[in-house]
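Per this note's numbering, residue 162 is the first one in the sequence shown, and the count goes up by one each step.
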Amino acid sequence: MTRIPEFRAAKWNEPVIMEMGRPGARGQLFPAPEAEVTDAVGPDLIPQAMARQDRAELPEITEFEAQRHYLHLSQMTLGMMGVSLFGTCTMKYNSKTAEYATLRPELAEVHPYQHPDTLQGVLEIIHDFDDILQSLSGMDRFIFQAGGGADAAYTMAAVARAYWDDRGMLGERTEMVTSVQAHPCNPATAAAAGFNVVNLPLEENGYPSLDALKAAVSQKTALIMINNPDDMGIYNPEIKEWVKVANEAGALCFYDHANFNGVMGKLSARELGFDACMFMLHKTFGAPKGGGGPAVGAFGCTDELAPYLPCPVVMKKDDRYVLDEDRPKSAGKVREFWGNVPQVVKAYAWARAMGADGIRLASDISVVANNYMDKKLAE
Numbered sequence: 162m163t164r165i166p167e168f169r170a171a172k173w174n175e176p177v178i179m180e181m182g183r184p185g186a187r188g189q190l191f192p193a194p195e196a197e198v199t200d201a202v203g204p205d206l207i208p209q210a211m212a213r214q215d216r217a218e219l220p221e222i223t224e225f226e227a228q229r230h231y232l233h234l235s236q237m238t239l240g241m242m243g244v245s246l247f248g249t250c251t252m253k254y255n256s257k258t259a260e261y262a263t264l265r266p267e268l269a270e271v272h273p274y275q276h277p278d279t280l281q282g283v284l285e286i287i288h289d290f291d292d293i294l295q296s297l298s299g300m301d302r303f304i305f306q307a308g309g310g311a312d313a314a315y316t317m318a319a320v321a322r323a324y325w326d327d328r329g330m331l332g333e334r335t336e337m338v339t340s341v342q343a344h345p346c347n348p349a350t351a352a353a354a355g356f357n358v359v360n361l362p363l364e365e366n367g368y369p370s371l372d373a374l375k376a377a378v379s380q381k382t383a384l385i386m387i388n389n390p391d392d393m394g395i396y397n398p399e400i401k402e403w404v405k406v407a408n409e410a411g412a413l414c415f416y417d418h419a420n421f422n423g424v425m426g427k428l429s430a431r432e433l434g435f436d437a438c439m440f441m442l443h444k445t446f447g448a449p450k451g452g453g454g455p456a457v458g459a460f461g462c463t464d465e466l467a468p469y470l471p472c473p474v475v476m477k478k479d480d481r482y483v484l485d486e487d488r489p490k491s492a493g494k495v496r497e498f499w500g501n502v503p504q505v506v507k508a509y510a511w512a513r514a515m516g517a518d519g520i521r522l523a524s525d526i527s528v529v530a531n532n533y534m535d536k537k538l539a540e
């Protein structure tokens, strides 16, 4: 009988890094500034006006000790490729095939300041992936500048501000409604954009009641921001009624797809009535997360909100791909250039390899796997 050997991971008596180190230890020693620098800005490495007054509460540790510490932690982590410490995310395996594409000089050596005529291949990929996400969501336009989910959520808040300001109603539409178990970046970014956040409490079934939403929504409501399934993995079956209540009050509706893995190909944000949504390419699609990142928050919206999108937007005009900067009502920049393009390429490769049927099947398998784990944990 074939026996499967027991897995024996390394086991280290490793302290947390804040308990390590000793006074005076350093990872890097910086040389004295050059004469040309001191003549211009003074003798200090950092101008006094910019220097912090208190020492940072960080461990004083050498580079070698830090590397060995994290090596030990990685050796005690059982995972597909390495440590992943993001507990609220629905993750997946990332094929290595797409990594090779991003290392090719045609992509790795391009620069966003190049003339668009020399970037047609990259822009075509971005434009085609926009089309793929439109087919999954029903939205009319996607952009990829946001450097993660919180960036994309803030994009929604900024677009909502521009939308209501354009209608002369920003002073009236001052509230954002969400639930206490929503993706934390939703209330945080709405507050950062100047909206008052209304958090709905949970009922025994794990999500807020429709009556609570009706009581919270008013002519003050600028938008609702919700993820479904939420960060506890609970799907709200009344989501369509939620959107209807918000729309009847004139509010915008934003669907945060932080946990899209379980519903890929099963629903459309547009068909549910949402005005905008976001996908995190580092969670749902084939782009790595964490140390293999960086992240991308793909933000999509209807044509009604498209005039307020941050620039640039990749468009196709007369068989050429262009960077559309002519958007006078734009909410402004999200970040520099057009986002983390290599991650978009990886996600595009994953989506093309999977196809519509494969994406739907991956969702089915993820639900079965989670239900299996749930039953095993209950034993």
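For each residue, glycine too, the CB sits at the ideal point set by N, CA and C.
- The alpha helix (DSSP H) runs lying completely inside the region 191-232 and spanning 4 residues or more are 196-202, given in chain order.
- According to DSSP, residue pairing for LEU484 in a beta bridge involves VAL475.
- Scanning its chain for C-beta atoms nearer than 7 Å, with the 5 sequence neighbours on each side dropped, one finds around GLY282 the residues GLU267, in chain order.
- Separation of GLY308 and PHE446 (C-alpha to C-alpha, rounded to the nearest whole angstrom) is 15 Å.
- Rounded to the nearest whole angstrom, the CA to CA distance from ASN366 to ALA318 is 29 Å.
- ASN360 and PRO348 do touch by the CB rule: their CB atoms are close to 7 Å apart, below 8 Å.
- DSSP places ASN255 in the coil class of the three-state scheme, outside both helix and strand.
- Under the DSSP assignment, MET441 falls in the beta strand (DSSP E) whose first and last residues are 437-441.
- Rounded to whole angstroms, the separation of the alpha carbons of VAL177 and MET386 is 37 Å.
- Taken in chain order, the complete beta strand (DSSP E) segments of 3 or more residues contained in the region 283-363 are 302-307, 336-340 and 357-361.
- By alpha-carbon distance to LYS494, the top candidate from ASN501, PRO473, GLU270 and ARG213 is PRO473.
- By the Cβ rule, the region 271-280 does not count as touching the region 464-471, because fewer than three pairs are nearer than 8 Å.
- As the crow flies, the alpha-carbon of GLU260 is around 10 Å from that of ALA510.
- Taking the Cα positions, VAL271 is about 16 Å away from VAL483.
- A distance below 6 Å between beta-carbons, with the five flanking residues on each side excluded, links GLY182 to the following residues of its chain, in chain order: PRO220, GLU221 and ILE222.
- When DSSP states are grouped into helix, strand and coil, ALA412 belongs to the coil group.
- One Cα belongs to ALA201, the other to ASP292, and the distance between them is close to 51 Å.
- With fewer than 16 other beta carbons inside 10 angstroms of its own, VAL198 counts as exposed.
- Boundaries of the beta strand (DSSP E) around LEU384: 382-388.
- Within a 10 Å sphere around the beta-carbon of ASP312 sit 16 or more other beta-carbons, which makes this residue buried.
- About 15 Å separates the Cβ atoms of PRO398 and ASN420, ruling out a contact at the 8 Å cut-off.
- Within 10 angstroms of the beta-carbon of THR238 lie fewer than 16 other beta-carbons, which makes it exposed.
- Apart from sequence neighbours up to five positions away, the residues of its chain that approach ALA354 with a beta-carbon distance below 8 Å are TYR315, ALA318, ALA319, ALA321 and ARG322, ordered along the chain.
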